[in-house]
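Counting along the sequence shown from 1, when you hit position 127 you're at 133 in this note's numbering, and nothing is skipped either side. Ideal placement from N, C-alpha and C gives every residue a C-beta, glycine not left out. Scroll down for the structure; my scribbles are underneath it.
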Amino acid sequence: MPANLPPQYKEAEDRYRQAKTTPEKILALEEMLAIIPHHKGTDKLIGQLRKRLSQHKEESQRRSSTSRQVDPFAVKKEGAAQVALVGLPNCGKSQILGSLTNAVPLIADYPFTTRAPLPGMMKFENIQVQIVDSPPFMDEFAETGLANLIRNADALAIVLDLTEDCGTQIELIQEELNRRRVRVLKKGEERKPEIGQYPKRALLIGNKADLKEAQENCRQLLDRFAKEYPVLCISAKENLNLEEAKKEIFSILDIVRSYTKAPGKNPDWDDPVILPKGSKVLDFASHIHKDFAHKLKFARIWGKEKYDGQMVPRDYVLKDGDVIELHI
Ligand SMILES: Nc1nc2c(ncn2[C@@H]2O[C@H](COP(=O)(O)OP(=O)(O)OP(=O)(O)O)[C@@H](O)[C@H]2O)c(=O)[nH]1
Ligand SMILES: [Mg+2]
């Protein structure tokens, strides 16, 4: 065993030893692999861990193909990105899914209504975003599944009940997220890989704004948290501020939409190329065709911050809405 393994690695290793089910073993091994530093001394161990991980994965596939059981918490991503709705029981997550998407969830005035995730597609301008409703925190049956769902999502919508104090709810939710090593990024904070952590962008949604007692809690929520996180108050039931919510959800996705254009022709506005924020003309070119990146001579851009048809270098960073004419 090489020395100098971080304490988080030991913790993940303990979880692996204690894991009783294959999905738990897979999760712990993936964590160990994410945490372990890469250098000569760890090469062998990394190889062994990868081998064990692939054995467990094969085993779990064999089981699911024989018993035809699918993990309800492994929600296949669709559309431009996947956003998980999370929060305490009864705050209105399912109502939000029902109001923003085509899905028809079970909504009820008692806690722990939702027992498994349910996805729906939300149309925003010319793209579709997948929204996933989830069982609430504190649901012990959803423990491992919920952790996987949250870690795998591209971003989170943290739902708060505006009829209760939001600061207390946020504290509880932060604890639940920390326990699963999910860290919510602050406004303007860059998203970069962190050892043993799952950094996520999140939007705080105060829900039930139609109710009288919501007013004061919404004001406090904005006062206390709007500087550090994107926040808004809505009523999913009465359709208040839903368009704003869609816009805010789009903005935490960290994606840009750009469009191809042939010389003398108009772009197809219904068919954006979706890339992570920070992508360059070169990434756009290789997305269109794998050979284009090295063949690319120059590109012309039509966009909000550029003159129409301006020539840009290969490392020009794309802005949302740019139209690009590639010259190869
Ligand atoms: N007045 C009002 N009631 C709402 C709103 N959104 C949800 N509710 C009500 O709040 C209760 C809980 O809603 P759900 O959507 O089931 O809550 P949930 O967060 O999915 O609950 P769990 O699945 O148990 O975690 C239901 O009675 C809803 O009708 C809203 O915007 N305004
Ligand atoms: Mg629900």
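Query: Measuring CB to CB, does T266 end up less than 8 angstroms from I240?; Result: no
Query: At what residue ranges does the region 208–240 contain a whole run of the beta strand (DSSP E), taking only runs of 3 or more?; Result: 237–239
Query: Among R225, A208 and D326, which one has its Cα closest to the Cα of G284?; Result: D326
Query: Determine the direct distance from the alpha carbon of N96 to that of E177, and round the result to whole angstroms.; Result: 17 angstroms
Query: Considering only the alpha carbon of each residue, which of D321, D314, E30 and Y313 lies closest to K303?; Result: D321
Query: Taking 7 angstroms as the cut-off, is the C-beta of P78 nearer than that to any heavy atom in ligand 2?; Result: no
Query: Any contact of the region 228–239 with the region 111–119, i.e. 3+ C-beta pairs under 8 angstroms?; Result: no
Query: Throw me the rounded Cβ distance for the K193 and Y235 pair, which I believe falls under 8 angstroms.; Result: 6 angstroms
Query: Measure how close the beta-carbons of A215 and L168 come, nearest whole angstrom, since I'm counting them as under 8 angstroms.; Result: 6 angstroms
Query: Output the distance between the C-alpha atoms of A220 and K57, rounded to the nearest integer angstrom.; Result: 53 angstroms
Query: Whole-angstrom Cβ separation of A208 and L155, contact assumed at under 8 angstroms?; Result: No, A208 and L155 are not in contact; Cβ-Cβ is about 14 angstroms, not under 8 angstroms.
Query: Say the cut is 7 angstroms; is the CB of T120 nearer than that to a heavy atom of ligand 2?; Result: yes
Query: Could you check the C-alpha separation between A80 and H44 for me, to the nearest Å?; Result: 29 angstroms
Query: If you drop the 5 nearest sequence neighbours on each side, which residues of the same chain put their C-beta closer than 6 angstroms to that of D77?; Result: none
Query: Is DSSP giving A80 helix, strand or coil here?; Result: coil
Query: How is R68 classed by DSSP in three states: helix, strand or coil?; Result: helix
Query: Could you tell me whether the region 86–100 touches the region 130–146, where touching means 3 or more Cβ pairs closer than 8 angstroms?; Result: yes
Query: Where does F143 sit, in a helix, a strand or coil, going by DSSP?; Result: coil
Query: With DSSP as the reference, label T120 as helix, strand or coil.; Result: coil
Query: Applying the criterion that 16 or more other CB atoms from any shown protein chain within 10 Å of the CB defines a buried residue, is M38 buried or exposed?; Result: buried
Query: Should Y313 be labelled buried (16 or more other beta-carbon atoms within 10 Å of its own) or exposed?; Result: exposed
Query: Should K243 be listed as close to ligand 1, given that the test is whether its C-beta is under 7 angstroms from any heavy atom?; Result: yes
Query: Please name the residue in G98, I334, N158 and P199 whose C-alpha comes closest to that of V213.; Result: The residue you asked about is not Val; residue 213 is Asn in the sequence shown. It is G98.
Query: Should R187 go down as buried or exposed, given a rule of 16 or more other Cβ atoms within 10 Å for buried?; Result: buried
Query: Alpha helix (DSSP H) containing Q14: first to last residue?; Result: P13 to Q24
Query: Check whether the Cβ of L217 sits closer than 7 angstroms to any heavy atom of ligand 1, and report yes or no.; Result: yes
Query: Please go through the same chain and pick out, in chain order, the residues whose beta-carbon is closer than 6 angstroms to the beta-carbon of M128, but skip the five residues on each side of it.; Result: L106, T107, V135 and I137
Query: According to DSSP, is D274 part of a helix, a strand, or is it coil?; Result: coil
Query: Please specify which runs of the beta strand (DSSP E), each continuous and at least 3 residues long, are wholly inside the region 122–194, giving them in chain order.; Result: 124–130, 133–139, 161–167 and 188–190
Query: Once the 5 residues before and after A305 are set aside, which same chain residues still bring their CB inside 6 angstroms of it?; Result: V287, V318, I330 and L332
Query: How is G197 classed by DSSP in three states: helix, strand or coil?; Result: One point to set straight first is that residue 197 is Arg, not Gly, in the sequence displayed. R197 falls in the coil class under three-state DSSP.
Query: Should V92 and V165 be called a contact, given that it needs their Cβ atoms to be closer than 8 angstroms?; Result: yes
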